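Under the numbering used here, the residues of the sequence shown are numbered 356 to 719, in order. Report on the following structure.
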Amino acid sequence: MKKLLKYNSCNILISNNLFNESNYNFSILRNKRILIITNKLIASLYLSKLKKLLYSVTNYLEHIAIPDGEKYKTMVTVNNIILVLLKKNYDNNTIIISFGGGVISDISGFIASIYRRGIDIIHIPTTLLAQVDACIGNKNSINHKYGKNMIGTFYEPKLIIIGLNFLNTLSKKEIYSGLSEVIKYGIIMDKSFFFWIKRNLKNLISLKLKFLYKCVTTCCKLKVNIINKDKIDNISRILLNFGHTFGHAIEKYTNYNYWTHGLAIAVGIIIATYVSLNLNIIKIKHAKLIRLLLIKAKLPIFGPKNINVNDYIDIIKYDKKNNTNSINLILPVNIGTAKVFYNVDKKIIIKSILDSKQDLLSKV
Ligand SMILES: NC(=O)c1ccc[n+]([C@@H]2O[C@H](COP(=O)([O-])OP(=O)(O)OC[C@H]3O[C@@H](n4cnc5c(N)ncnc54)[C@H](O)[C@@H]3O)[C@@H](O)[C@H]2O)c1
Ligand SMILES: [Zn+2]
């Protein structure tokens, strides 16, 4: 197990195979009461192995396995878990371990931040998307019928343990989904990483360890750099939302079915790129590079067939980046640079959605 980095009081550790770390001293867990929050699928794959690893440091080890899926990232699930915590009298000596993808880390982080005014949490992310993005930082959110991630807190984990071995059982769709956030980092803040991804996509998709390691560590470092500058969502951190305005609209419109977060973000990235084109702030050749990389990573560039322009506009009105009447967007201006644009003209947004539906970039 290697220490990758530290931000504030949180260490990020990385291991090729977490279950080979029997010599690792999980001192932070010693004599703590531990509650693992996971879902039924991950529990069936890995829970007994994780428990075996942790029994060496504590006997107070229980778990809750919730149903799988983004549609369970709700207040109902939060309430159900808190009820168990209260009934079993989990006290301030408790550490929650979130064990799963971004849905699990978001729900668990939110609960840890509010239960008894805050108890400790450790993340063990098991999807590419959670390892490169969702687990890193301090944001925890749940969805509301009025929008995605509308209720949440800022609360830092004590430790993040990344095991690259977990990615071996992920479906290809979830790998592509994670690559969407990976590509996001390249577009908004690291040109050389963008071209590294382009050169090494095949190795990443086939889960070659050396390449996964470089990919995950680079993303963690890029995100930590931003968070260290900006603890709450201000200018620099808000860049991480690139692609998310339209992406969240797709997730909400499809009721969090089929469209994973990452797939929806890919379409969000391409629509935002068309907005940049229509505002004349990005060169066509750069926009084409973005489109091509998404396609190469087997990510969608078209949203769901039946979502129309008004659906997008109705939903993005609730986006958290907006002020009362203006739509604010993060837009690429180059490979490796994005900026926040305030009060973007609604007509430009509508034209950009329509341009993306026609895949105009393929024709120029
Ligand atoms: N808090 C943040 O800063 C932040 C950042 C990015 C994304 N997010 C959130 O993260 C969520 C998306 O996360 P996600 O893409 O990990 O989705 P997810 O948690 O739904 O996981 C995707 C699927 O993979 C399965 N899975 C997980 N690990 C597996 C494994 N090792 N093997 C086989 N299957 C496995 C899950 O059961 C699920 O079916 C969204 O809710 C998004 O809003 C949060
Ligand atoms: Zn995201």
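Here a beta-carbon is modelled for each residue, glycine too, at the ideal position from N, C-alpha and C. Note that the structure is a prediction, hence the values are computed from the model and not measured.
- In this chain, the alpha helix (DSSP H) harbouring T628 covers 616 to 633.
- Pairwise C-beta distances place the stretch 413 to 424 in contact with the stretch 382 to 400, as three or more of them are shorter than 8 Å.
- Less than 8 Å separates the beta-carbon of S468 from that of T508.
- Annotated three-state conformation of A693 is strand, per DSSP.
- Judged by their CB atoms, T600 and L519 are not nearer to each other than the 8 Å cut-off.
- Counting along the chain, K503 sits inside the beta strand (DSSP E) bounded by residues 502 to 509.
- If you check the C-beta of D674 against ligand 1, you find no heavy atom less than 7 Å away.
- With a 10 Å radius around the Cβ and a threshold of 16 neighbouring Cβ atoms, E417 comes out exposed.
- The beta-carbon distance between V571 and V487, rounded to whole angstroms, is 6 Å. This is short enough to meet the 8 Å contact definition.
- The set of residues with CB atoms less than 6 Å from any heavy atom of ligand 2 reads, in chain order, D488, E536, H599, H616, I620.
- Non-local C-beta neighbours of F521 in its own chain, meaning closer than 6 Å and more than five positions away in sequence, comprise T481, ordered along the chain.
- A Cβ-Cβ separation of about 6 Å places G691 in contact with F549 under the 8 Å criterion.
- In terms of Cβ geometry, S707 and Y629 form a close pair [threshold 8 Å].
- The alpha-carbon of Y568 is positioned some 43 Å away from that of K702.
- Put simply, the stretch 431 to 443 does not touch the stretch 377 to 386. Fewer than three CB pairs are less than 8 Å apart.
- Here V458 is buried. Its C-beta has 16 or more other C-beta atoms within 10 Å.
- Following the DSSP letters along the chain, one finds N555 inside the alpha helix (DSSP H) bounded by residues 546 to 560.
- Within the same chain, and ignoring the five residues on either side of N633 in sequence, the residues whose Cβ sits closer than 8 Å to its Cβ are I703, K706, S707, D710.
- In this chain, F566 is not harboured by any beta strand (DSSP E); it is covered by the alpha helix (DSSP H) spanning 564 to 584.
- Counting only runs of at least 3 residues, the stretch 431 to 519 fully encloses the following beta strand (DSSP E) elements, listed from N- to C-terminal order: 449 to 455, 475 to 480, 494 to 499, 502 to 509, 514 to 518.
- Remark: the C-beta of N372 is outside contact range of ligand 1, defined as less than 7 Å to any heavy atom.
- As the crow flies, the alpha-carbon of L562 is around 15 Å from that of S535.
- According to the DSSP assignment, S707 belongs to the alpha helix (DSSP H) that extends over 701 to 712.
- Boundaries of the beta strand (DSSP E) harbouring L360: 357 to 362, taken from the DSSP string.
- Spanning the alpha carbons of M544 and A693 requires a straight line of approximately 7 Å.
- Beta-bridge partners of I419 (DSSP): I392.
- The shortest C-alpha to C-alpha distance from N371 to any of I466, L649, I516, S631 is the one to I516.
- Excluding five sequence positions before and after G658, the CB atoms of its chain that fall closer than 6 Å to its own CB belong to I605, V622, given in chain order.
- In this structure, the CA atom of K500 is about 8 Å from the CA atom of K607.
- Comparing alpha carbon positions, the residue from K660, D666, N689 closest to N635 is N689.
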